[in-house]
Amino acid sequence: MSQKIAVYPGSFDPVTNGHLDILSRALRIFDRIIVAVTTSAHKHPLFTVDERVEMLGRAVKPLKGASVERFDGLLVNYAKKKNAVAMIRGLRVVSDFEYEFQMALMNRHLSKKYHGAGSLEAVYLMPDEKFTYLSSTLVKEVARLGGGVESFVPDFVRLKLKEKFDMSRRDS
Ligand code: ADP
4 MSQKIAVYPG SFDPVTNGHL DILSRALRIF DRIIVAVTTS AHKHPLFTVD ERVEMLGRAV
64 KPLKGASVER FDGLLVNYAK KKNAVAMIRG LRVVSDFEYE FQMALMNRHL SKKYHGAGSL
124 EAVYLMPDEK FTYLSSTLVK EVARLGGGVE SFVPDFVRLK LKEKFDMSRR DS
């Protein structure tokens, strides 16, 4: 039987335990998940794509079936190239819903237009409650202000955040 492959796209700036919770759940449904790091700079990421890919690579190492890549361009085309049948996204709170709903329907439209109906489904997963208030943005803000983020990210990510903000404090 052919493998069921999904892509999990996002900025992952940086990867958090919430992302990893979603990934573990998705791996129970799919044989392979490709975590796809967006290269788009419009969000002014704190970490470069290389840094984000490197941190994710370390974080997913224990998770069988997960791999990490960068991607640019249309997600539907990238997913097709990878033979993925679904894209994974996480839903934390109601405020995620509106944007995710729009994005899912736009991707459905594009997917149908370029690759035929039903070629890519959006699969939304809910994290453990303890991650519902967690976002990369909040983690960066807490770390920037010198707060502890050890409950929210893998330890090497915590150190990378510290390094980044120590460096910017030195430079300012
Ligand atoms: P993007 O900029 O594409 O939203 P993110 O890295 O912020 O990229 O998030 C990637 C995906 O992971 C999104 O679907 C987001 O909703 C989900 N996600 C992020 N943080 C969490 C969390 N704490 N719990 C569950 N899902 C999350």
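Last residue of the sequence shown: 175 (our numbering), numbering continuous. Backbone N, C-alpha and C define an ideal beta-carbon position, used for all residues, glycine too.
Any non-hydrogen atom of the ligand FMN within 7 Å of residue i CB
i: residue 157; result: The ligand content of the structure shown is limited to the ligand ADP, which means the ligand FMN is not among them.
Same chain, Cβ closer than 6 Å to residue i, five either side skipped, listed in chain order
i: residue 42; result: 52, 73 and 75
i: residue 147; result: 168
i: residue 118; result: 83
i: residue 56; result: 40, 71 and 73
Between the CA atoms of residue j and residue i - distance to the nearest angstrom
i: residue 61; j: residue 19; result: 12 Å
i: residue 15; j: residue 70; result: 14 Å
i: residue 32; j: residue 86; result: 16 Å
i: residue 68; j: residue 24; result: 15 Å
i: residue 142; j: residue 149; result: 11 Å
i: residue 58; j: residue 64; result: 10 Å
i: residue 54; j: residue 35; result: 23 Å
i: residue 161; j: residue 27; result: 21 Å
i: residue 22; j: residue 158; result: 15 Å
i: residue 177; j: residue 125; result: Nothing about residue 177 can be reported from this structure: the residues present for the chain run from 4 to 175 only.
i: residue 134; j: residue 30; result: 18 Å
Other residues of its chain near residue i: CB distance less than 8 Å, five sequence neighbours each side excluded
i: residue 94; result: 100, 103, 127, 128 and 129
i: residue 110; result: 78, 79, 90, 123 and 125
DSSP-derived helix/strand/coil call for residue i
i: residue 186; result: Residue 186 cannot be examined here, being either before or after the span of the chain that is shown, 4 to 175.
i: residue 152; result: coil
i: residue 136; result: coil
i: residue 123; result: coil
Cβ shell of residue i (< 7 Å), same chain only, five flanking positions each side left out
i: residue 82; result: 10, 90 and 123
i: residue 131; result: 24
Residue i at chain B interface by Cβ criterion, 8 Å
i: residue 17; result: Chain labels in this structure do not include chain B; a single protein chain is all it has.
| request: Note down, one range per segment and in chain order, each alpha helix (DSSP H) of at least 4 residues found wholly within the region 10 to 86. | output: 20 to 30, 52 to 63 and 78 to 84
| task | Assess, as a yes-or-no matter, whether the region 135 to 143 is touched by the region 110 to 119 under the definition of 3 or more beta carbon pairs within less than 8 Å. | result | no
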